[in-house]
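Each step along the sequence shown adds one to the number in the working numbering, with nothing skipped, and position 28 is 108. Beta carbons are placed, not taken as given, at the ideal position from N, Cα and C, and that holds for glycine. Written out below as structure tokens is the structure these notes cover.
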Amino acid sequence: MDETEPSPLPFPTSLCHRCAAPPKYVRTKTSTFILCPLLPGKYPPQPVLRCPLFRPRGTHE
Ligand code: SF4
């Protein structure tokens with residue numbers, strides 16, 4: 081596990097955390113939003129459990 085995140089991420093079950101898109105975390109004082117760079121809506125309803133644009137991060141193929 082990577083422990084470098086300064087605060088816990090929301091929706092631990094979300095696919096976005098493991099996505100190669102990559103998602104961008106937008107932090108406010110009270111919460112963190114997950115911004116998807118691929119979806120036109122940018123903020124998919126969380127947690128995203130299935131996504132047609134999901135590609136796993138960390139594979140080098
Ligand atoms: S492509 Fe899907 S899984 Fe990946 S960040 Fe966007 S919404 Fe999340």
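With respect to the 8 Å criterion, Arg-137 and Cys-99 are classified as neighbours on the basis of their beta carbons.
The C-beta distance from Thr-112 to Leu-89 rounds to 6 Å, short enough to meet the 8 Å contact threshold. Shown here for Thr-93: same chain residues with a beta carbon closer than 8 Å to its own, the five before and five after excluded, namely Pro-127, Leu-129 in chain order.
Here Pro-132 is exposed. Its C-beta has fewer than 16 other C-beta atoms within 10 Å. Fully contained in the region 84-123 is no alpha helix (DSSP H) run of length 4 or more.
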